[in-house]
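Engineer:
Numbering (my numbering), first residue to last: 18 to 60.
#1: What number of angstroms, rounded off, separates the C-alpha of residue 18 from the C-alpha of residue 43?
#2: So, are the CB atoms of residue 40 and residue 54 less than 8 Å apart?
#3: Return the CA-CA distance between residue 46 and residue 22, expressed in angstroms with no decimal places.
#4: Please name the residue in 36, 51 and 57 whose C-alpha comes closest to that of residue 25.
Right, dumping it as structure tokens:
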């Protein structure tokens, strides 16, 4: 038995970045962004 979540993405290497976060909609993606220009778009 192998859980489905393990099969969805290949194993990560030590020097790879985590995958880009994608929110449920545009607003959630902008709110989770670390870029301050995205925060200005919201306000």
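Yeah, the Cβ is synthetic: ideal placement off N, Cα and C, and Gly gets one too.
Structural biologist: Quick answer:
#1: Each residue's CA atom was taken as its position, placing residue 18 and residue 43 some 36 Å apart.
#2: No, they are not a contact pair.
#3: Each residue's alpha carbon lies about 22 Å from the other.
#4: For residue 25, the nearest C-alpha among the options comes from 36.
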